[in-house]
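Worksheet: one structure, shown below.
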Amino acid sequence: MALKIRLSRGGAKKRPFYHLVIADSRSPRDGRFIEQVGTYNPMVAKDHPERLVLKDERIKYWMGVGALPTDRVARFLADAGMGKKPVINEQTKQHLPKAKAQERLKEAEEAANAPAAEAPVEEAAAEEAPVEEAAAEEAPVEEAAAEEAPVEEAAAEEVPVEEAAADEAEKDKAAG
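Be aware that the sequence shown starts at 8, since it is given in the working numbering, and climbs by one per residue.
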């Protein structure tokens, strides 16, 4: 039998009052239970001593037997120092802004980033001046490359001579 430590609702309409009970997990929320181990009254102030009343010894006994608290009861027990606080999982996408709101946020971010983007452009313009000076220093290297160009042209002239020799060899084979 799977035991749960959970809340059982009582009280009038719009005036809730809860009992902390040990119950079979298959029984209904306000139905049959094994033992009552505390009360919770959300209508009183948070610092009021009667807001949460627990029978510590009985809760420890039932947890030792294997009863598992629900998330809300586990939070109560953690606040009382009787267990670990449960991890709250991320919500679904319903808590996120809708599409139009996300577009507005993106536009606002782009507008905020635009002035920041202009400053690096000015810095880049200031950095280009030394680059031009460096390019002037590299000019002799370009001139040396230009001197090598005639050698490349001579190599280009040799290629047609080789092609002509290949053509003559093919003619000889065809004739022979």
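For each residue, glycine too, the CB sits at the ideal point set by N, CA and C.
Going straight from the alpha carbon of ALA142 to that of PRO122, what length do you get?
Residue mapping note: residue 142 aligns to position 135 of the sequence shown, counting from 1. Residue mapping note: residue 122 aligns to position 115 of the sequence shown, counting from 1. With a pLDDT of 49 at ALA142, under the threshold of 50, the predicted position of this residue should be treated as unreliable, though the coordinate-derived value follows. About 31 Å.
Pair within 8 Å by beta-carbon distance, PRO23 and ARG16:
Here residue 23 corresponds to residue number 16 of the sequence shown, with the count starting at 1. Here residue 16 corresponds to residue number 9 of the sequence shown, with the count starting at 1. Contact: yes.
Sort ALA9, HIS102 and LYS20 by Cα distance to ILE29 and report the nearest one.
By one-based count along the sequence shown, residue 29 stands at place 22. It is ALA9.
So is VAL60 buried or exposed if we call it buried at 16+ other beta carbons inside 10 Å?
The residue labelled residue 60 in the question sits at position 53 within the sequence shown. Exposed, since its Cβ has fewer than 16 Cβ neighbours within 10 Å.
Straight-line Cα distance separating SER34 from GLN98
Within the sequence shown, residue 98 is the residue found at index 91, counting from 1. Within the sequence shown, residue 34 is the residue found at index 27, counting from 1. Cα to Cα, the separation comes out at about 28 Å.
If you draw a straight line from the alpha carbon of ALA115 to that of ALA81, how long is it in whole angstroms?
Working through the sequence shown from its first residue, we reach residue 115 at position 108. Working through the sequence shown from its first residue, we reach residue 81 at position 74. About 42 Å.
Compare the C-alpha of GLY73 against each of GLN109, SER32, LYS20 and ARG111 and name the closest.
Within the sequence shown, the letter at position 66 stands for residue 73. Per the Cα distances, SER32.
State buried or exposed for ILE95, treating a residue as buried only when at least 16 other CB atoms are found within 10 Å of its CB.
For this step, residue 95 is matched to residue 88 along the sequence shown. Counting Cβ neighbours within 10 Å, ILE95 comes out exposed, since fewer than 16 surround it.
Can you tell me whether ALA90 is helix, strand or coil according to DSSP?
Locating residue 90 in the sequence shown gives position 83, counting from the first residue. Strictly speaking, residue 90 in this sequence is Gly, with Ala absent from that position. Coil at GLY90, not helix or strand.
DSSP three-state label for GLY71, please.
Here the question's residue 71 lines up with position 64 in the sequence shown. Helix.
Between the beta-carbon of GLY45 and the beta-carbon of LYS62, is there less than 8 Å?
Position 38 of the sequence shown, counting from 1, holds the residue named residue 45. Position 55 of the sequence shown, counting from 1, holds the residue named residue 62. Yes, Cβ-Cβ distance for GLY45 and LYS62 is below 8 Å.
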